[in-house]
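In our numbering, the protein residues as written are 1 to 159.
Structure first, then comments.
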């Protein structure tokens, strides 16, 4: 049985997500995530920050494409994935970095609101905004679901 460190981590996106190539033809992206724990110092009667832990988040295929179109520097997010370590040598010194290979990424709704747009039937990697480096902040001409009067069969606060 393989042992895998699955983690759920929350924090703020510290770098604009960027495409770093295609692994086996699949879309791939990465971004840095800063996680700062807090604790209450009873002696001083105030909340204090712990040191920030930085991890690199990597994602592939459709998740990578959706991240590139949805997640931005400064956003509060939740990431689920496998925890690992990357090692390399720079200037003769061994270096390492914590890396989470994400299986799920979403905005942390305890810190704000978000608007969700379903991915079209085709692969998100087929979206020209992702392939051509177009405006990934744009909704792609899709109407806002509220403005369009789309009824998805669910209601909030009554019938």
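Note that CB positions come from ideal geometry on N, CA and C, so glycine has one too.
For clarity, every value in this text was computed on a predicted model and none was experimentally measured.
Whole-angstrom Cβ separation of residue i and residue j, contact assumed at under 8 Å?
| i | j | result |
| --- | --- | --- |
| residue 28 | residue 58 | 7 Å |
| residue 15 | residue 31 | 5 Å |
| residue 112 | residue 13 | That belief does not hold up - the Cβ atoms of residue 112 and residue 13 are roughly 13 Å apart, past 8 Å. |
May I have the straight-line CA-CA distance separating residue i from residue j, to the nearest angstrom?
| i | j | result |
| --- | --- | --- |
| residue 56 | residue 116 | 24 Å |
| residue 66 | residue 98 | 23 Å |
| residue 81 | residue 43 | 37 Å |
| residue 39 | residue 120 | 43 Å |
| residue 5 | residue 96 | 17 Å |
| residue 160 | residue 88 | Look at the range of the chain in this structure, 1 to 159, and you will see that residue 160 is not part of it. |
| residue 177 | residue 17 | No statement about residue 177 is possible, as the shown extent of the chain runs from 1 to 159 and does not include it. |
| residue 21 | residue 90 | 22 Å |
| residue 93 | residue 83 | 23 Å |
Count the other CB atoms, across all protein chains shown, that sit within 10 Å of the CB of residue i; report buried if there are 16 or more and exposed otherwise.
| i | result |
| --- | --- |
| residue 102 | buried |
| residue 85 | exposed |
| residue 49 | exposed |
| residue 64 | buried |
| residue 70 | buried |
| residue 100 | buried |
Which of the three DSSP states, helix, strand or coil, is assigned to residue i?
| i | result |
| --- | --- |
| residue 19 | strand |
| residue 111 | coil |
| residue 42 | coil |
| residue 134 | Reliability of the predicted coordinates at residue 134 is poor, the pLDDT of 40 falling under 50, and no value is obtained from them. |
| residue 61 | helix |
Between residue i and residue j, is the Cβ-Cβ spacing less than 7 Å?
| i | j | result |
| --- | --- | --- |
| residue 9 | residue 35 | yes |
| residue 62 | residue 33 | no |
| residue 76 | residue 104 | no |
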